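Written out below as structure tokens is the structure these notes cover.
Number of protein chains: 4
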Amino acid sequence: MKNGLKVAVIGGGSSYTPELIEGFIERHEEFPVQELFLVDINEGKEKLEIVGELARRMIQKGGVPIHLTLTFDREEAITGADFVITQLRVGMLEARSRDERIPLRYQCIGQETTGAGGFAKALRTIPVILDICRDIEKYAPEAFLINFTNPAGVVTEAVNKYSTVNAIGLCNLPINTRKQLAEFLNVDTNEIEIEMAGINHLNWTTKIWIKNKDVTESFLKGEADLKGFNMNNIPDLEWNRDFLQALDALPCGYHRYYYKKDEVLKHQLEQLQETGTRADEVKKVEAALFKRYQDPNLSIKPPELAQRGGAFYSEAAVDIMSSIYNNKKDIQTVNVQNNGILSCLPDTASIEVNCVIDRQGAHPIQLTTKIDARIRGLLQVVKAYEEMTIEAAVHGDYAMGLLALITHPLVKSASVAEKIFQDILNENKTFLPQFFSESKTV
Amino acid sequence: MKNGLKVAVIGGGSSYTPELIEGFIERHEEFPVQELFLVDINEGKEKLEIVGELARRMIQKGGVPIHLTLTFDREEAITGADFVITQLRVGMLEARSRDERIPLRYQCIGQETTGAGGFAKALRTIPVILDICRDIEKYAPEAFLINFTNPAGVVTEAVNKYSTVNAIGLCNLPINTRKQLAEFLNVDTNEIEIEMAGINHLNWTTKIWIKNKDVTESFLKGEADLKGFNMNNIPDLEWNRDFLQALDALPCGYHRYYYKKDEVLKHQLEQLQETGTRADEVKKVEAALFKRYQDPNLSIKPPELAQRGGAFYSEAAVDIMSSIYNNKKDIQTVNVQNNGILSCLPDTASIEVNCVIDRQGAHPIQLTTKIDARIRGLLQVVKAYEEMTIEAAVHGDYAMGLLALITHPLVKSASVAEKIFQDILNENKTFLPQFFSESKTV
Amino acid sequence: MKNGLKVAVIGGGSSYTPELIEGFIERHEEFPVQELFLVDINEGKEKLEIVGELARRMIQKGGVPIHLTLTFDREEAITGADFVITQLRVGMLEARSRDERIPLRYQCIGQETTGAGGFAKALRTIPVILDICRDIEKYAPEAFLINFTNPAGVVTEAVNKYSTVNAIGLCNLPINTRKQLAEFLNVDTNEIEIEMAGINHLNWTTKIWIKNKDVTESFLKGEADLKGFNMNNIPDLEWNRDFLQALDALPCGYHRYYYKKDEVLKHQLEQLQETGTRADEVKKVEAALFKRYQDPNLSIKPPELAQRGGAFYSEAAVDIMSSIYNNKKDIQTVNVQNNGILSCLPDTASIEVNCVIDRQGAHPIQLTTKIDARIRGLLQVVKAYEEMTIEAAVHGDYAMGLLALITHPLVKSASVAEKIFQDILNENKTFLPQFFSESKTV
Amino acid sequence: MKNGLKVAVIGGGSSYTPELIEGFIERHEEFPVQELFLVDINEGKEKLEIVGELARRMIQKGGVPIHLTLTFDREEAITGADFVITQLRVGMLEARSRDERIPLRYQCIGQETTGAGGFAKALRTIPVILDICRDIEKYAPEAFLINFTNPAGVVTEAVNKYSTVNAIGLCNLPINTRKQLAEFLNVDTNEIEIEMAGINHLNWTTKIWIKNKDVTESFLKGEADLKGFNMNNIPDLEWNRDFLQALDALPCGYHRYYYKKDEVLKHQLEQLQETGTRADEVKKVEAALFKRYQDPNLSIKPPELAQRGGAFYSEAAVDIMSSIYNNKKDIQTVNVQNNGILSCLPDTASIEVNCVIDRQGAHPIQLTTKIDARIRGLLQVVKAYEEMTIEAAVHGDYAMGLLALITHPLVKSASVAEKIFQDILNENKTFLPQFFSESKTV
């Protein structure tokens, strides 16, 4: 990797971009971005320009020599890039809103990254990401693709299966887990270490060490109250102590959809009545954010962005890229190919585990804990859903998609799955051409 | 195996016993039972005597030299036996009724062999079967244990894990599937062959051959109506064609609990209101049966037994034992240890697949179809539940039991699982000593 | 499969063909061959005609309605065939003679099916067999390929990896093992059953049952003398009792090359001096045989053929084809794809184990014995050699071929491997075009 | 881990000890040993005292507060230790000399860590190490065992299988490989990184990076001459370029025993005539060393120790212990349990691969290269040998030991194996009680 780093951000007009820009400015010394391309599609022109202008002001104020380009020409952006970041949203928040509403119509949990909602998002997203990969293969074959686009695990697995691009799937859940545990346990972040095992958004913290001491058991036994240990965008429900000890691991926030299905569904249905779905809230937040971004006097990341949900996104992103760039060999929890690390999952599965990050990428480390039936059952059934979703997305295979939905623990039954799938297809026609080409019959 | 076969039937007072007796009489030439012991516990004395007397009359009428002994002395019955058949029901139909009612209380499917009901039955049954195994290890170490007791797959796996007994788990579902398919497709039973893959009560028919021709695809596409292809005791709901083709396999009747969860639950709740649970129906059938059995003029298996649900039980039982006895090397679908046949399940799992039956027992055959994510997901999550259930049953491990329930696709959420488990423990105190010993805290 | 069986024999001019013809005549009732095509290449014209005329006389005398065609047109022979039998020898006995001599030049064992000799044969044979497979894929896609051509395991694996043909690899070693054990133990062949585990020509008999009784241990302890239990073409050396008990299995004749390397090498070097290699002997036997075949009064398989070494070839061949044709579901030991049966080998490896033979082909059965380190080590290293040999043969990959040789336990060292490989290439130029095409550099 | 580190060195009287002492002194700041126990057996009293006195002088001169204790009381030394280092030699150099001579008697390679010589050493060593582990389990259950005793991989696997001690097997081959490659390629050691894959003393360097650039291919193609890249104690023979490219990896020095069997054997036999075995040379070196150690004016590690062969032993030892102590999370190549990292080996196998070293021990990292048949074959057969050797050593199982020898690629045949094993037993009677207890018959 030459000096003079080039980074291309696909979906550059995202409201999250100022997060990234802040990171690039603050850590410019260790990760000296020289060329930064924000790319978007024509439909996102307005947002790209707003965000781009803010980015420009931030860079100027930061006083770092980053050369910023706003463009709709993906090839130009990718050519010769060292890192390509994908943070796009096919169909934008409107699509997310539909993803969240359709399942609720049938008394199933509506969530943008898992269940039937995540399924719809995967179908829309995978072909677009693979199309980007075709460009990377051609114009920057040595580049790393840092994928933030959800469902990040599924997307990463699709890239590993259907392209030759070096891809790492990144999520801010692991970094948040560590930070929240540190806060919760009242220690410095660098004094806490955790082992995470599982797949994206279905990830168990199997070990917690404070200052090199294994505190997992005592933590799960609950010398302290766990309330508050939670991601912003997940209903705040407590885990039962007996349950935690039985599990012998700390579930992630997304586990509530599985372990507390009924309560979460009830909550979502109530919220739908009152304030709409999470997407509807986010739309308001985004509208306000973009208004704020337009303020020509604003040249820092505005504090309101914190409400958007992507806490520590910037830190996670620069962490991984800097460790690759600097061959740091530190440990981060990212999404990579399994190859025997979790022996209960296929070798080709994407998994989210602790990895050594070096110039060659992310290398998963053998777990110190054995994954037994307690974690294995849920993990395997969701991974099987993911595999089928990828096949359905890539090949426009309706039958496979139907089975994916039927297999998902958050979809109630085969008949409901069919209705949901029909609604997804009907309401995503423009975004799912693979299911509507001539040779396909739905 | 010497001539002069000895067979011990544990749970000899079961209403199913006349089925078995009929088989022993009709096929005495190929499977010459000489000593037949019907064993039961003291609480079952009356039933044992009624069934025993009927058996005696049947044998006499049949004119075969079977020497029948009714006994409460298990050791005597097992000593030197060639085959030990377990067809017991710990807690009798009262317990089954509770198993079916408790989950329904919490809007979960109530079924005696799977879900929370099957879980309760497994907890009660496994320690009793393992206790019988201790006797077999001592008094008839070469004997084959033919286990009919449900949940048959779970029980067989527990025996394989915790004893040295040669165990084969038997269910009449495979033989019924073949016979029903034959009837349905209007061919002779011996003209049809099927490949079954999965675990007990969660078994997919992955291949159907008629007269050596693979008709799987055309069958699933549905040149014919599948209605009517169903086990007696499962609500009669049709599979959707698209679904069958997507799955590329024929589900078994029990799959309705998973694939049509909502419809089945609705049906069960209605039925509970109207006629009670299936156990309540069965109690009536049994009462009538035992009344009928007492008729001193009855010396054949009465046709009413057919309503009881154990169709072809006798045929399945004598088939397996005769093939072992005669080293037949024919193919039957029974429950055995996995060891790599289904690579997606642990080696120690019990699986239900086509096996060659010979003097050494049942040897599973490599599948002709590859089990992919479509079947794998559900299969793995239920197997994980089964593994945890066995550990909970053997060790009286409450936490593990709770996780088993939480993992089961038919249990709605962790909080419901806890309530159900408490009810199971409260209503099964006498039958679950492993959870109530001094050293255990629930 | 229609009545009116068509069988194509590639390498029809082989001296073994009368064996096959005898089998087709004797078992015509159960396996009613209607069309029999003997195919050969132009270079084999004379032999094909001699053998063909004998076959015609045999059929006439046998009085069976087999219609015989001699042809050089492979497409015609294969089109619509039910079974294609490959028993060809690329380069004929001259090539075999070289295969046996080259290794001996460097003090390594010279054998036509394993070691460096088998390697050379594999390189010559695999492309030819795959070329035949191209025809089968086109002109008889439903046909079964019954491959006798050595190295039969390697060839079968190559076919499974590089074609879609239904292939079964057949060797007469398993049937001979069973027959010799029966003779040796003085029981009827149908009273003995054996479990074989391993790969072609490296196959351990892990269990022996006489009249359903497991006699393995007592057999290995050696209540009897094992001398004489040996294939014709393998130096007659005894196994040591301690060794057999340590191994807990009976090695096959070919194991002598591995377990008694020094003695066999010494024997081969002596024999080379005295009478030449085995190929040289066989050449004489063949010359005499073909002379004998030309006798117009001969209309049976002449007894001299027995000296040729293919004992029970005919029985093995008709056994497998008849069991497929008649959907017999009996058990035979043939070469098929592993897929988890021997968990220590890759899924795609060909293995030689007990299989159920039915209309769909050969289905391996789970072993009753666990393959541990005692067998595993040798098995794995030879299989690794085989995998590399296939890659070398298919792609003309010199480096891979060199590694294959270096890995083989019968090749002494890397420097010797290189010399042997050079000699193989030099002396097989016409038969190894894949190594001499323009784009290849040796 | 408290401050005030306690280290116990079993085999403290070894001539290597000054290496260790030097390391403890030089790196006292990062790894502050407070209590250092040198333990030995009574037979080693003289050597322990000589080495101990030198150590004392070195510590004094070094001016570090290490409190040194010389003792024969293993319990005292181990109690409360943080690290236990085993560097013992059961039977001392006399035994090694026999190990090297016995195989040569039968024209097999004689080497102290692999082949029949390594086998003998394993039989003597494993029971002693397991006995030490019993003490560690009792008196320092949290301690790390850093095992240097050869065969280090086999010993580590035995400890993992038969004790609960945290064991890491350490060899100086990986550190030497890296340093020699650096020297050879004329770069700084910290500019070179390598991926090693395999097992102890059979380890392939599968990747070489110089300043983050993958140079593996160009290195193997040989822009440079490899002569000189070699461990001191291994005959200096060149690898052939074609061979290296075929292998696509750099073999370690010990691979010469396998890949250049004949040349090495010839060399050993010549050397045996001229100067005796390597042990004989070492004896002379050691005699001179101990004489040198006695010089009361010597208070540094004498340069002559370099000839002994344990280059960088001290660095490797302090590296691993310091990384554990300081939770460094750096990467070192050590021997640990496999658990799926090398999917071609059993989960319980010890493997030697790149590991992250932290406070919890050594955690292997997923390889960046796929181990295919080229490496797999040799790796698996030697590992199978190792597994059998461990069983033989632990249980005194003659048959298993015989099979281990027969399976080893460096033992020529079964008959030779038997003779060698007899000689080993005869000449090691005092050291192999497990084979001579009453209940054993050889």
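Protein chains in written order, with the UniProt record's numbering: chain E, 1 to 442; chain B, 1 to 442; chain G, 1 to 442; chain S, 1 to 442. Built from N, CA and C at the ideal position, the CB exists for glycine as well. Keep in mind the model is a prediction, meaning the values are calculated, not measured.
Presumed contact (8 Å Cβ cut-off) between residue i and residue j, rounded CB distance
i                     : j                : result
MET388 (chain S)      : LEU403 (chain S) : 5 Å
ILE365 (chain S)      : VAL356 (chain E) : 6 Å
residue 487 (chain E) : LEU36 (chain E)  : Shown here, chain E extends from 1 to 442; a query on residue 487 (chain E) therefore has no answer.
ARG124 (chain B)      : VAL90 (chain B)  : 4 Å
Assigned exposure category for residue i - 16 Cβ within 10 Å defines buried
i                : result
GLY4 (chain B)   : exposed
ALA306 (chain B) : exposed
ARG134 (chain G) : exposed
THR113 (chain G) : buried
ASP131 (chain S) : exposed
GLN107 (chain E) : exposed
Cutoff 8 Å; reference residue i; Cβ partners in own chain excluding five residues on either side
i                : result
ALA182 (chain G) : ASP188, THR189, GLU191 and ILE192
PRO302 (chain S) : PRO18, LEU289, ARG292 and TYR293
GLU137 (chain E) : SER163, THR164 and VAL165
Spatial neighbours of residue i in its chain, beta-carbon cut-off 6 Å, leaving aside the 5 residues before and after
i                     : result
PRO38 (chain B)       : The sequence as given places Leu at residue 38 (chain B); Pro does not occur at that position. Taken in chain order, the residues that qualify are VAL9, GLY12, GLY52 and LEU70.
ARG241 (chain B)      : GLY222
PRO174 (chain E)      : MET196 and THR333
residue 463 (chain E) : Here chain E comprises residues numbered 1 to 442, so residue 463 (chain E) is not present and cannot be evaluated.
SER14 (chain E)       : GLN87
CYS171 (chain B)      : ALA152 and ASN200
LEU244 (chain S)      : LEU220
Beta-carbon proximity list for residue i, same chain, < 7 Å, skipping 5 on both sides
i                : result
ALA288 (chain E) : GLU304
SER314 (chain S) : GLU19, LEU20, GLU22 and GLY23
LEU237 (chain E) : With a pLDDT of only 46 at LEU237 (chain E), under 50, the local geometry of the prediction cannot be trusted, and no value is derived from it.
LYS207 (chain B) : ILE194, GLU195, ASP214, THR216, THR368 and THR369
ARG56 (chain S)  : LEU68
Between the stretch 403–429 of chain G and chain S, which residues of the former have CB atoms less than 9 Å from a CB of the latter, in chain order? Answer set for the stretch 403–429 of chain G: LEU403, ALA404, ILE406, THR407, HIS408, PRO409, LYS412, SER413, ALA414, SER415, VAL416, ALA417 and GLU418.
Between the stretch 245–264 of chain G and chain S, which residues of the former have CB atoms less than 9 Å from a CB of the latter, in chain order? For the stretch 245–264 of chain G, which is checked against every Cβ of chain S, the residues closer than 9 Å are GLN245, ALA246, LEU247, ASP248, TYR258, TYR259, LYS260, LYS261, ASP262, GLU263 and VAL264.
On the three-pair Cβ rule with 8 Å, is the stretch 88–102 of chain E touching the stretch 269–280 of chain E? When C-beta atoms of the stretch 88–102 of chain E are compared with those of the stretch 269–280 of chain E, three or more pairs fall below 8 Å, so the two segments count as touching.
Along the stretch 370–387 of chain B, where does the CB come closer than 7 Å to a CB of chain E? Name the residues. Listed by position, the residues of the stretch 370–387 of chain B near chain E (Cβ gap below 7 Å) are ALA373, ARG374, ARG376, GLY377, LEU378, GLN380, VAL381, ALA384, TYR385 and GLU387.
Positions along the stretch 337–366 of chain S whose CB lies within less than 7 Å of some CB in chain E: Taking 7 Å as the Cβ-Cβ cut-off, the stretch 337–366 of chain S approaches chain E at ASN339, GLY340, ILE341, SER343, VAL356, ARG359, GLN360, HIS363, PRO364, ILE365 and GLN366, given in chain order.
Do the stretch 325–341 of chain G and the stretch 145–165 of chain G make contact, defined as three or more Cβ pairs closer than 8 Å? Touching, per the Cβ criterion.
Does the stretch 86–94 of chain G touch the stretch 127–146 of chain G, meaning 3 or more C-beta pairs lie closer than 8 Å? These segments touch.
Inter-stretch contact (C-beta, 8 Å, three-pair minimum) for the stretch 198–206 of chain E and the stretch 371–381 of chain E: Put simply, the stretch 198–206 of chain E touches the stretch 371–381 of chain E. At least three CB pairs are less than 8 Å apart.
Which residues, taken in chain order from the stretch 198–223 of chain E, show a beta carbon closer than 7 Å to some beta carbon of chain S? Against chain S - using a Cβ distance shorter than 7 Å - the residues of the stretch 198–223 of chain E are ASN212.
To be precise: take each residue of the stretch 299–331 of chain E, compare its Cβ to all Cβ atoms of chain S, and keep it if any distance is under 9 Å. Which residues remain? Those residues of the stretch 299–331 of chain E that come within reach of chain S (Cβ to Cβ, closer than 9 Å) are ASN327, LYS329, ASP330 and ILE331.
Name the residues in the stretch 52–64 of chain B whose C-beta lies less than 7 Å from a C-beta of chain E; which are they? Along the stretch 52–64 of chain B, none of the residues has a CB nearer than 7 Å to a CB of chain E.
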